[in-house]
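Residues -19 to -1, 1 to 153 (mature numbering (1 follows the signal peptide of the UniProt record, and there is no 0)) are what the sequence shown spells out, left to right. Ideal Cβ placement from N, Cα and C applies to all residues, glycine included. Only one structure is covered here, and it is reproduced in the block below.
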Amino acid sequence: MASLSTSFALQLMRAGASAANLTWPLNGRIFRERLEIDPNCSLWASKTPGYRPRPALKGAIHADLAIIGGGFTGVSAAYYVSKRFPNRRVVLLEAAALANGASGRNGGMMLNWVNGFEDAPPELAARIYRTTSAGIEALCRLIEEHHLSVDYRRDGTVAIYTSPARAEAAHA
């Protein structure tokens, strides 16, 4: 398991959004009805000094690729497409702020496993492990490449069992 400081998510999001050049809130501009967006600020955003979403989009813009959503998936897509195709205009559109939803409401852990596959065949288990481990390595490279000031460390995992039977089953 890798553990991250409270500012990691926002710094990573900002790095990805910078590569895509643009991040604009859309709330109230595209949709007739107001989007219900949780007004609470995530812990990561509250610990990232100086981050402010850009003003709402005004007027028309042109893009080769428009990505909707500034969570991990959207920012990652914007970052990697911009890096691979530097002459393409990639626009990242976000309704509120980067990592405002589930991407900013996490425990700050990167795990090399996916729950629900405990009984997977060995080939699938190995594939899941390789894939999730590659994702962790990619994030480590981004931290180094962009000199992100984060408290990143690899320090293992903790498995908690709620009953003796579950603990015995896990170690069988």
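Legend entry - With 16 other Cβ atoms within 10 Å as the buried cut-off, status of T4: Here residue 4 refers to the residue found at position 23 of the sequence shown. For T4, the pLDDT reaches just 45, beneath the cut-off of 50, and the residue's location in the model is therefore unreliable, although a value from the coordinates is still provided. Result: buried.
Inset, instruction - Express the C-alpha separation of S57 and K82 in angstroms, rounding to a whole number. - result: Start at 1 with the first residue of the sequence shown, and residue 82 comes out as number 101. Start at 1 with the first residue of the sequence shown, and residue 57 comes out as number 76. The amino acid at residue 82 is misidentified as Lys; the sequence shows Gly. Whole-angstrom Cα-Cα distance: 15 Å.
Inset, instruction - Please list, in chain order, all residues of the same chain as A101 whose beta carbon is under 8 Å from its beta carbon, the five residues on each side excluded. - result: Counted from its first residue, the sequence shown places residue 101 at position 120. Excluding residues within five positions, the ones whose Cβ falls inside 8 Å are I109.
Inset, instruction - Could you tell me which residues DSSP puts in a beta bridge with V72? - result: The residue labelled residue 72 in the question sits at position 91 within the sequence shown. Note: V72 sits in a beta bridge opposite A47.
Legend entry - Reduced DSSP secondary structure (H/G/I, E/B, other) of E149: Locating residue 149 in the sequence shown gives position 168, where the first residue counts as 1. Three-state DSSP puts E149 in a helix.
Inset, instruction - Determine, using beta carbons only, whether P34 and A80 come nearer to each other than 8 Å. - result: Position 53 of the sequence shown, counted from the start, is the residue given in the question as residue 34. Position 99 of the sequence shown, counted from the start, is the residue given in the question as residue 80. No, the Cβ-Cβ distance between P34 and A80 is not below 8 Å.
Inset, instruction - Measure the Cβ-Cβ separation of V71 and S63 and say whether it is below 8 Å. - result: Locating residue 71 in the sequence shown gives position 90, counting from the first residue. Locating residue 63 in the sequence shown gives position 82, counting from the first residue. Cβ atoms of V71 and S63: closer than 8 Å.
Inset, instruction - Report the rounded CA-to-CA distance for I117 versus P36, giving the unit in angstroms. - result: If you number the sequence shown from 1, residue 117 lands on position 136. If you number the sequence shown from 1, residue 36 lands on position 55. In a straight line, the C-alpha of I117 is about 32 Å away from that of P36.
Legend entry - Contacts around V95, its chain only, beta-carbon distance under 6 Å, and the 5 residues preceding and following it disregarded: The residue given as residue 95 occupies position 114 in the sequence shown. I109, listed in sequence order.
Legend entry - Nearest-angstrom Cα separation, counted from C22 out to A59: In the sequence shown, the residue the question calls residue 59 occupies position 78. In the sequence shown, the residue the question calls residue 22 occupies position 41. Using only the alpha carbons, I get a separation of about 23 Å.
Legend entry - Cβ-Cβ distance between N93 and S114 below 8 Å: For the purposes of this step, residue 93 is identified with residue 112 of the sequence shown, where counting begins at 1. For the purposes of this step, residue 114 is identified with residue 133 of the sequence shown, where counting begins at 1. A contact, by the Cβ cut-off of 8 Å.
Inset, instruction - Tell me whether the beta-carbon of G40 lies closer than 8 Å to the beta-carbon of I48. - result: Counting from one through the sequence shown, the residue named residue 40 turns up at place 59. Counting from one through the sequence shown, the residue named residue 48 turns up at place 67. Cβ atoms of G40 and I48: not closer than 8 Å.
Inset, instruction - Measure the alpha-carbon distance for L73 versus F98 and round it to whole angstroms. - result: Mapped onto the sequence shown, residue 73 falls at position 92. Mapped onto the sequence shown, residue 98 falls at position 117. C-alpha separation (whole angstroms): 33 Å.
Legend entry - With 16 other Cβ atoms within 10 Å as the buried cut-off, status of L105: Within the sequence shown, residue 105 is the residue found at index 124, counting from 1. Exposed is the call here.
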